Amino acid sequence: MAKTLSFTDTSPQTVKIGDTTTSFTLICGNDNVATDLTKATSITVKLGNASGYLKSATVDPASLTDPTTGQVTVNFNADLMTSLTAGSYAIEVWVVDPTGTSIYPSDGSTGFTITNNIQSANGSVITTITFDDFVKELNKAASTIDKGDKGDDGLSAYQVAVSNGYHGSQTDWLASLVGPKGNKGDDATVNVVTQAQYDALTDKTGLYVIQG
126 MAKTLSFTDT
136 SPQTVKIGDT
146 TTSFTLICGN
156 DNVATDLTKA
166 TSITVKLGNA
176 SGYLKSATVD
186 PASLTDPTTG
196 QVTVNFNADL
206 MTSLTAGSYA
216 IEVWVVDPTG
226 TSIYPSDGST
236 GFTITNNIQS
246 ANGSVITTIT
256 FDDFVKELNK
266 AASTIDKGDK
276 GDDGLSAYQV
286 AVSNGYHGSQ
296 TDWLASLVGP
306 KGNKGDDATV
316 NVVTQAQYDA
326 LTDKTGLYVI
336 QG
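Residue numbers (the numbering used here): 126 to 337.
Here's what the structure looks like:
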């Protein structure tokens, strides 16, 4: 018959790093029928992972609540959790009785998981800053920046005109900027009116002198 090892329906199958109060309850069986552990003289729980065997813990046969149920409780105390990191693990139960040593399960191993707690990874805190403080810090940072070399002088307006296709001397170019003289404007008309006449006007455009 194949030796089997399974968790009870109420047993956890995961423990967090730093948790030293969690316990797993496993059932040693033959073809999934509970094995009577009444005659067991020693019980050892062995842990391993993909790299191989890691460590073990002993279970006192006298501590079994009901040996006939094949149930073995493994306490993940500080000693057992030491040096174990987050990941997937395998567990076996070795039982010694007058007939010899039985290893559960006989095919492969039963798995459990160790996970990180919230302190296992560092979180990120978002820093807030007021606009005035931001400007102050920006100005402070800018004051520490070395002044760069003076840049080359830019092109004059005449040089820009030449680069855009103007042909002629600078004197001719300056002369071309002067427009023709405009026509003489009309003489201004001064209107002499009384205050009452001015108030009655609907269009007050122009120059008015109000008689006193």
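All C-beta atoms, glycine included, are put in the ideal place defined by N, C-alpha and C.
Note that the structure is a prediction, hence the values are computed from the model and not measured.
- Its Cα nearest to that of N316, the residue G331 stands out among G331, V303 and P305.
- Residue state for Q320 is assigned as helix, using DSSP reduced to three classes.
- Looking at the DSSP output, S148 bridges to N200.
- Under the three-state reduction of DSSP, S181 is assigned to strand.
- Around the beta carbon of A313, fewer than 16 other beta carbons sit within 10 angstroms, so the residue counts as exposed.
- The Cβ atoms of A165 and T194 do not sit closer than 8 Å to each other.
- Membership of N174 in any alpha helix (DSSP H) is not indicated; the residue belongs instead to the beta strand (DSSP E) covering S167 to N174.
- Put simply, of D278, T269, N200 and S167 the residue whose alpha carbon is nearest the alpha carbon of V220 is S167.
- Annotation: L263 to Q284 spans about 38 Å, alpha carbon to alpha carbon.
- Approximately 5 Å separates the beta-carbon atoms of S136 and F149; this is inside 8 Å, confirming the contact.
- If you check the CB distance, V140 and V170 do not come in under 8 Å.
- In summary, T253 is exposed, with fewer than 16 beta-carbon neighbours lying within 10 Å of its beta-carbon over all protein chains present.
- The alpha-carbon separation between T198 and L151 amounts to approximately 6 Å.
- Bridge pairing for A300: absent [DSSP].
- A straight line joining the alpha-carbon of D161 with that of L179 spans about 28 Å.
- One thing to note: A211 has its Cβ within 8 Å of the Cβ of S245.
- Shortest Cα-Cα distance from G236 to any of N174, K272 and K309 involves N174.
- Put simply, the backbone Cα of G273 is about 17 Å away from that of G279.
- Just so you know, the alpha carbons of D144 and N155 end up roughly 32 Å apart.
- Classified as exposed, T183 has fewer than 16 neighbouring CB atoms from the shown chains inside 10 Å of its CB.
- A321 and D311 have their C-alpha atoms some 28 Å from each other.
- For S208, there is no enclosing beta strand (DSSP E), as DSSP gives it neither H nor E.
- Contact between T129 and Q196 fails: their C-beta atoms lie close to 13 Å from each other, not under 8 Å.
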